[in-house]
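Sequence lines, in order, name chains A and B.
Position 36 of the first sequence, counting from 1, maps to 969 under my numbering, and the rest follow consecutively.
Position 313 of the second sequence, counting from 1, maps to 296 under my numbering, and the rest follow consecutively.
The structure appears below as structure tokens.
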Amino acid sequence: MADEGKSEMTLPASDDHKKYNETRRTFLKQSSLLTAVALTPPGMLQIVELEEKVDEQFESVKVTLEINGETKELSVEPRETLLDLLRERLDLTGTKKGCDYGQCGACTVHVDGQRINACLAFVIMQEGKKITTIEGLSKGATLHPMQEAFMKHDGFQCGYCTPGQIMSAVACIQEGHANSKEEIREYMSGNLCRCGAYPNIVKAIEEVKNGGAKG
Amino acid sequence: MKNFQYVRPTQQQAALETLAQDDKAMFIAGGTNLIDLMKRNVVLPEKLVDINRLPLRKIEPTSKGVRIGALASNSEVAEHPLIREKFPLLSQALISGASAQLRNMATVGGNMMQRTRCYYFYDAALPCNKRQPGSGCGALQGINSKHAIFGFSDKCIAVHPSDMCVALVALEATVLVTGPKGERQVPFKDFHRLPGEHPERDTNLEKNELILAVDIPASSFTQNVHYLKVRERASYAFALVSVAAALDLDKGTIRNARLAMGGVAHKPWRLMEAEKALVGKPVSEETFQQTAALAMQGAKAFEHNAYKLKLAPNAITQALKTAAGLS
Chain A
934 MADEGKSEMT
944 LPASDDHKKY
954 NETRRTFLKQ
964 SSLLTAVALT
974 PPGMLQIVEL
984 EEKVDEQFES
994 VKVTLEINGE
1004 TKELSVEPRE
1014 TLLDLLRERL
1024 DLTGTKKGCD
1034 YGQCGACTVH
1044 VDGQRINACL
1054 AFVIMQEGKK
1064 ITTIEGLSKG
1074 ATLHPMQEAF
1084 MKHDGFQCGY
1094 CTPGQIMSAV
1104 ACIQEGHANS
1114 KEEIREYMSG
1124 NLCRCGAYPN
1134 IVKAIEEVKN
1144 GGAKG
Chain B
-16 MKNFQYVRPT
-6 QQQAALETLA
4 QDDKAMFIAG
14 GTNLIDLMKR
24 NVVLPEKLVD
34 INRLPLRKIE
44 PTSKGVRIGA
54 LASNSEVAEH
64 PLIREKFPLL
74 SQALISGASA
84 QLRNMATVGG
94 NMMQRTRCYY
104 FYDAALPCNK
114 RQPGSGCGAL
124 QGINSKHAIF
134 GFSDKCIAVH
144 PSDMCVALVA
154 LEATVLVTGP
164 KGERQVPFKD
174 FHRLPGEHPE
184 RDTNLEKNEL
194 ILAVDIPASS
204 FTQNVHYLKV
214 RERASYAFAL
224 VSVAAALDLD
234 KGTIRNARLA
244 MGGVAHKPWR
254 LMEAEKALVG
264 KPVSEETFQQ
274 TAALAMQGAK
284 AFEHNAYKLK
294 LAPNAITQAL
304 KTAAGLS
């Protein structure tokens, strides 16, 4: 392998990269003058120089989001994904981490009404947006019609993909792509179910669609 | 994931300047490919310049056709009434790509800039000239079942993964870019590169340039078009081979034709010789088989992708038949 003999096996082991890492470490050790980036809503850019000691939070940025109807002011590192924020910091563990690479759909949530993969979304890029997770779909103890339909039709076995399936299914109807079994299958293809509950998932979606229930 | 600095300019000029200030800075739009690559340590930006607040999202008719802003999402473009009516080939290609969730996130500019899904590129522990120039091509003697049959070099046999780009090259789109030297127009067929000696360069976008929009000229390819994508499952998979076919028919005779393939080369593969050969011919399976044979001239397979030499011409024939209404 090309990386043989290099210490950082998981990184492209070019000399450039090594040099860069060393430079960065030296910089972090020696410098007390850091350039940090602060954002002022609605997105105006300010670059401010802060005189402070290096600490873990030096790159954290304030973000305001609306999650399931509640406004949240958060301090996040740029690299934090929406999925990790929901699960690890807000205890909204209904949204599942399946592959973490946008291949399975288990992390599907709605952002400003559109379904997306939360694993491929940086929190910092969602400033001012409205997020809905599976926890925000039901109204208290009253389940969303899609949740009811999934239970009625056994639209799951192990249940791990189910929150993502339901979020995607609700969006699928809202988008107007639930007009036939074939169309539902095509527009639900971003949600994998390894138990193979697909026929029942399609039935659940058809029922909600035909029942005229709100998507 | 390695951390990075994040900036969100609201002006185009500020975005360009911020990018130019830092050699390890990159633009981010939808992020569906870039974040994936960052998680795998394949791409390691020091700074991300979020361009989502730039006003580049419009899809609007122009005197010559349509202009699609670089930040329009793949689903917005696919669903847009003007695109569905006048450029259905593009709509079909977009809908065949990725999933509904990813299409909501992914942008037109980002789709063009996405990287190959070659396993050797994606695994930072393996050799890849595209990721790490000079380290060798792992696929050449390795697992190469998804790889190129046209236009490759001994440095790289990866394929371009986009469906959208296959339709755009067939529709003779133009890319509007801006950068330190001002705006320029790039014909879509010249936007992506063949690997040659420099597979690390996917496109001819210059350093510190930004894609602003894609222009598609109005054409007569509004009716008899088909995007055929052959893959390992029915949906949500990259193409083994895909074909964008567009015909302008005068009763049973072909007046004009466009043909391009995906999954076969380092760039969207336009088949201009085959297009020319179709002009004036009658619509028939025989015509399309002859065209497919012509299109395949010069194709060469590796150890695991010889199936493409059969699959590709069959896909061309089928796509043309469907476009012509023969099947």
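Backbone N, C-alpha and C fix where the C-beta goes; we use that ideal spot for every residue, glycine too.
In this text the structure is predicted, and so the values were computed from the model without any measurement.
With respect to chain A, the C-beta atom of Ala156 (chain B) has no partner C-beta closer than 7 Å. Taking a contact as a CB-CB distance under 8 Å, the pair Thr1028 (chain A) and Cys1040 (chain A) counts as one, their CB atoms being some 5 Å apart.
Three or more Cβ pairs closer than 8 Å define a contact, and the stretch 188 to 204 of chain B meets that threshold against the stretch 224 to 237 of chain B.
Taking a Cβ-Cβ threshold of 7 Å, the residues of chain A close to Thr15 (chain B) are Gly1035 and Leu1053, in chain order. Annotation: Asn35 (chain B) to Asn187 (chain B) spans about 23 Å, alpha carbon to alpha carbon.
CA-to-CA, the gap between Leu151 (chain B) and Lys138 (chain B) works out to about 27 Å.
The shortest C-alpha to C-alpha distance from Asp1087 (chain A) to any of A:Thr1004, A:Cys1128 and A:Ile1000 is the one to A:Cys1128.
Judged by beta-carbon spacing, Ala1130 (chain A) lies beyond the 7 Å limit of Gln1080 (chain A), meaning their Cβ atoms are not closer than that value.
Under the rule that a run must span 3 or more residues, the beta strand (DSSP E) segments found entirely inside the stretch 141 to 194 of chain B read 157 to 161 and 167 to 170. Within chain A, Gly1038, Ser1122 and Gly1123 have C-beta atoms less than 7 Å from the C-beta of Ser82 (chain B), given in sequence order.
Neighbourhood of Gln1047 (chain A) in chain B, by CB distance below 7 Å: Asn87, in chain order. Here Leu54 (chain B) has Ala12, Ile34, Asn35, Leu37, Leu39, Arg40, Thr90, Val91 and Gly92 as same chain residues with Cβ atoms under 8 Å from its own Cβ, once five neighbours each way along the sequence are excluded. Looking at A:Lys1062, A:Phe1055, A:Val1056 and A:Leu1016, the one whose alpha-carbon comes closest to that of Gln1047 (chain A) is A:Lys1062. In the structure shown, the three-state DSSP call for Arg50 (chain B) is strand. Counting of Cβ neighbours within 10 angstroms places Ala289 (chain B) among the exposed residues, the total staying below 16. When the beta-carbon positions are compared, Gly134 (chain B) and Ala306 (chain B) stay at least 7 Å from each other. The beta carbons of Asn191 (chain B) and Leu2 (chain B) sit closer together than 7 Å.
For the set B:Pro265, B:Thr270 and B:Asn239, the Cα lying nearest the Cα of Met255 (chain B) is the one of B:Asn239. Within the stretch 219 to 250 of chain B, the residues whose Cβ lies closer than 8 Å to any Cβ of chain A are, in chain order, Tyr219. Burial state of Leu154 (chain B) is buried, judged by a 10 Å Cβ sphere holding 16 or more other Cβ atoms. The beta carbon of Arg1012 (chain A) falls within 7 Å of a beta carbon belonging to chain B, placing the residue at that interface. About 34 Å separates the beta carbons of Ala302 (chain B) and Leu193 (chain B), which is beyond the 8 Å limit, so they are not a contact pair. By the criterion of a C-beta distance shorter than 8 Å, Gly1035 (chain A) is surrounded in its chain by Asn1050, Cys1052 and Leu1053, once the five residues flanking it on both sides are discounted. Classified as exposed, Gly1144 (chain A) has fewer than 16 neighbouring CB atoms from the shown chains inside 10 Å of its CB.
Per DSSP, reduced to three states, the secondary structure at Leu232 (chain B) is strand. Closest in C-alpha terms to Gln(-4) (chain B), from the list B:Lys259, B:Val158, B:Gly165 and B:Val262, comes B:Gly165. Nearest CB-CB separation between Phe104 (chain B) and chain A: not below the 7 Å threshold.
For Lys259 (chain B), the enclosing alpha helix (DSSP H) has its first and last residue at Met255 to Leu261. Of all residues in the stretch 1055 to 1069 of chain A, only Phe1055, Ile1057, Met1058 and Glu1060 place a beta-carbon less than 8 Å from a beta-carbon of chain B. Take the alpha-carbon of Lys1030 (chain A) and the one of Glu1108 (chain A): they are about 25 Å apart. Assignment of Arg114 (chain B) by DSSP, reduced to helix, strand and coil, places it in the coil class. Val1056 (chain A) and Thr1066 (chain A) have their alpha carbons spaced roughly 14 Å apart. The beta carbon of Glu189 (chain B) sits closer than 7 Å to those of Gly162, all from its chain and outside the five residues before and after it, given in chain order.
If you draw a straight line from the Cα of Gly121 (chain B) to the Cα of Gly245 (chain B), it comes to about 22 Å. Bridge pairing for Val91 (chain B): absent [DSSP]. The criterion of a C-beta distance shorter than 7 Å is not satisfied by Leu277 (chain B) and Ala284 (chain B).
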